[in-house]
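Let me begin by presenting the structure, written as structure tokens, before commenting on it.
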Amino acid sequence: RKEVEQDPGPFNVPEGATVAFNCTYSNSASQSFFWYRQDCRKEPKLLMSVYSSGNEDGRFTAQLNRASQYISLLIRDSKLSDSATYLCVVNINTGNQFYFGTGTSLTVIP
Amino acid sequence: DGGITQSPKYLFRKEGQNVTLSCEQNLNHDAMYWYRQDPGQGLRLIYYSQIVNDFQKGDIAEGYSVSREKKESFPLTVTSAQKNPTAFYLCASSTPRQGWNSPLHFGNGTRLTVT
Chain U
19 RKEVEQDPGP FNVPEGATVA FNCTYSNSAS QSFFWYRQDC RKEPKLLMSV
69 YSSGNEDGRF TAQLNRASQY ISLLIRDSKL SDSATYLCVV NINTGNQFYF
119 GTGTSLTVIP
Chain L
425 DGGITQSPKY LFRKEGQNVT LSCEQNLNHD AMYWYRQDPG QGLRLIYYSQ
475 IVNDFQKGDI AEGYSVSREK KESFPLTVTS AQKNPTAFYL CASSTPRQGW
525 NSPLHFGNGT RLTVT
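First to last, the protein sequences are chains U and L.
Each residue of the first sequence is one higher than the one before, starting from 19 at the first, in my numbering.
Each residue of the second sequence is one higher than the one before, starting from 425 at the first, in my numbering.
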């Protein structure tokens, strides 16, 4: 079983739409959670950390559900520039290892 | 500005040759990592190092070697024993001392092509 699983998509949404991605993790000892954005042929860049109480950064909202072991990312009012692959990342503090989902591809259509 | 520098950005080698990818960081991070990404796939961990002079194998260490002689530097050697070396290689660092929610910071990657 993979440590982190994501729906690969692709998600094709019109500009202005709201889109949500989910990610499940298998290790209940996971401590830290992140969403990264990766543009084509570029390195991943931190979009936001995910806190237990949920957190928001502009149009982006991240939530954590420890009981069901999943995290989510909600993007409101999608922009063309949001088109990218979104990676779910989980840190299990033992050994300070990070585990990546395979990424969810988003294309925002004019 | 602090960051992670990988060089070169593109690298071409003939099969059977060893090649070393450079990774330098000035973020004063303790932990450094090497990942490999193949088209349409997620990142896979090759090696990681929590402190100087110590490193651990990741999920796909075969055919690779690393060293961590300095805190700032974590070079990766792709040896001729690596069966499918053509890939996008990403170096990253983090600082566990900042707390459990310390994220990974990535370099801009090296795209290796072996023919």
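Backbone N, C-alpha and C define an ideal beta-carbon position, used for all residues, glycine too.
Nearest residue (CA-CA) to residue i, options the options
i	options	result
L:Q430	L:T444, L:K438, L:L469, L:R437	L:T444
L:N452	L:N508, L:K507, L:V538, L:H529	L:H529
U:Q49	U:P28, U:K60, U:N83, U:G27	U:N83
L:Q474	L:T539, L:S491, L:T534, L:M456	L:M456
U:T79	U:A85, U:S67, U:Q87, U:S86	U:S67
U:Q24	U:L124, U:C106, U:I110, U:F116	U:C106
L:P527	U:S90, U:W53, U:L91, U:Q81	U:W53
U:T103	U:F118, U:N109, U:R77	U:F118
Below-7 Å beta-carbon distance, residue i vs any chain U residue
i	result
L:A455	yes
L:F530	yes
L:G466	yes
L:P463	no
L:P527	yes
L:G533	yes
Inter-residue spacing [alpha-carbon to alpha-carbon] between residue i and residue j
i	j	result
U:L65	L:S518	16 Å
U:C41	L:E496	33 Å
L:R468	U:T120	10 Å
L:F512	L:A505	18 Å
U:S71	L:G426	30 Å
L:P463	L:K494	32 Å
L:Y488	U:S46	31 Å
U:R55	U:L98	14 Å
U:L124	U:V37	9 Å
U:R59	L:N477	32 Å
U:S86	L:E439	47 Å
L:N532	L:C447	10 Å
Chain-ordered neighbours of residue i on chain C, where CB pairs are closer than 7 Å
i	result
U:P32	Looking at the structure shown, chain C is missing, and the protein chains on hand are U and L.
Residue-chain proximity (residue i, chain L), Cβ-Cβ < 7 Å
i	result
U:P128	no
Bridge partner(s) assigned by DSSP for residue i
i	result
U:T79	U:E74, U:L92
U:K63	U:R55
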